[in-house]
Structures are given as structure tokens and as C-alpha cells.
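Accompanying notes for the structure given below.
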Amino acid sequence: MGSTPQARRGNTRQRIQDVALDLFAEQGYEKTSLREISERLDVTKAALYYHFKTKEDILVSIFEDLNRPVEELIEWGRDRPHTLETKKEILRRYSEALTAAAPLFRFMQENQATVRDLSIGKTIKDRVIGLVDLIKEPDASLVDQVRCFTALFTIHAGMFALKDFEGDPEEKRSAVLEVAFELVTRAHSPGSAEQRDTSGPVRP
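Its first residue numbered 10, the sequence shown is counted upward by one per residue in the numbering used here.
What follows is the structure in C-alpha cells.
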């Protein structure tokens, strides 16, 4: 066995999180019961209740633990100059955060309706808006705001859509980031981008 499972084995709270997320992914959040989680862990329900009272408590705790780097990223970005390089670094770090928390974000992608109904739904929305605010210009046009949203969701989509494609994971992540960089660069300097688009020969 690898070092991570060994390290987590002695931490009951983390073992509950791991097993619960596996079951949520296997059979869905709604169909998973606390009894099934305790049976998979081979612990009593009382031991489970000591750490978590409900399934939502477990899911929220997983979200808070794995999504903490995103909160730290937003704080970091607020203290940096609003340059194109800062925006690219925000996208780069966000990509790393998503990769580290892949099981959780895969669950949320596949169970969007459930997530919307839980308390974490609004938190996720607020954090996405917070990231967009960091990579868009204060006076950005609607089109450029859409470009910034799309840059973030390009990273989301690339993470899930390309996971079954052949190729090195880092190369795929770099390709996704390149597309996201193009979008945020265009939104950062819309005038020069539009000029480049219209400077070529006119097609009939």
C-alpha cells in the first residue's frame, strides 16, 4: 500500500471522509446511508456519530478540507497587482488545486443537482465569483466577463473531459491552461485583441 493510505489509516475522521466519498461516487449521495458508511469502515454507528451526525456534515467537511487552497488563493490574489501575469498565476494555482481535490470535484460535477441543494452550493458559487473578480478588469465588458468565466470553466471541463484521453496528465493540464490563458489575455487587453482579429484580409 502507498504512504497516503497508511498515513490516513489512523485518522478516523479522514477515513470516514475517504470511504464516504468513495460510496457517494459509486452509488450516489442520495442512495448512500450512514449505516453503509459505518459498515464499509467496519466501525459502529456510534463511532461514526462521534465525528459526523449526518451525510451532509461529512460532505461539507470534505469540501472544506480539500477546497481550502482555493480560499487561500483568493486571499493571495487580492493582495497582488492586477497584472496579466497575476491572472495567469491564479489560473495556474487553481488548476493545481482542482487536481489535488479531483475526487471531490468529480463528485460535484456528476451530482450538480444534489450539490445545489446542500449548504456548500452557495459557497461554491461565491468562490467562483471571487475568482472571476480577480481575473477580470473592473470595467470589463460583458463579453470579457464571459471570457473570464469561460477561462475558469475551461479548467473545470478540461479536468473531466480529458481524463479518459490518452496522453500524459501534465501535458493535458498544460494544454487546458494554454486555452485558459488565451481567454484571460484577450479579456485583459480587448482592444489589441480585437484589432488583431480584424487586421487580416476580408473574406467574401
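In this text, a Cβ means the ideal position worked out from N, Cα and C, and glycines have one as well.
Quick check on residue i: buried or exposed, where buried means 16 or more other Cβ atoms within 10 Å of its Cβ?
| i | result |
| --- | --- |
| Tyr38 | buried |
| Ser12 | Its pLDDT being 37, under 50, Ser12 is placed unreliably in this model, and the value from its coordinates should be taken loosely. By the neighbour-count rule (16 or more Cβ atoms within 10 Å), Ser12 is not buried but exposed. |
| Ser183 | exposed |
| Arg89 | exposed |
| Ile129 | buried |
| Ile138 | exposed |
| Leu113 | buried |
| Pro77 | Looking at the sequence shown, residue 77 is not Pro but Arg. So Arg77 ends up on the exposed side. |
| Gly176 | exposed |
| Leu151 | exposed |
| Arg1 | Because residue 1 is not part of the residues shown, which for the chain are 10 to 213, the question remains open. |
| Asp153 | buried |
| Tyr59 | exposed |
| Asp126 | exposed |
| Lys96 | buried |
Helix, strand or coil for residue i, going by three-state DSSP, please let me know.
| i | result |
| --- | --- |
| Pro147 | coil |
| Arg44 | helix |
| Pro90 | coil |
| Phe33 | helix |
| Phe114 | helix |
| Phe158 | helix |
Using beta-carbon positions only, say whether residue i and residue j come within less than 8 Å of one another.
| i | j | result |
| --- | --- | --- |
| Ser47 | Phe61 | no |
| Ala196 | Ile164 | no |
| Thr21 | Leu32 | no |
| Ile83 | Leu50 | no |
| Ala110 | Leu75 | yes |
| Ser104 | Leu186 | yes |
Where do the N-terminal and C-terminal ends of the alpha helix (DSSP H) with residue i fall, by residue?
| i | result |
| --- | --- |
| Asn20 | Segment: none, Asn20 is in no alpha helix (DSSP H) and carries neither H nor E. |
| Arg101 | 93-109 |
| Thr123 | 121-126 |
| Lys54 | 54-60 |
| Arg77 | 64-87 |
| Glu180 | 178-197 |
Rounded to the nearest angstrom, how far is the Cβ of residue i from that of residue j, given a contact under 8 Å?
| i | j | result |
| --- | --- | --- |
| Val79 | Ile144 | Not confirmed; about 14 Å, so no contact. |
| Ile67 | Ala29 | 5 Å |
| Ala160 | Leu100 | 6 Å |
| Phe169 | Gln118 | 6 Å |
| Ala34 | Phe116 | 6 Å |
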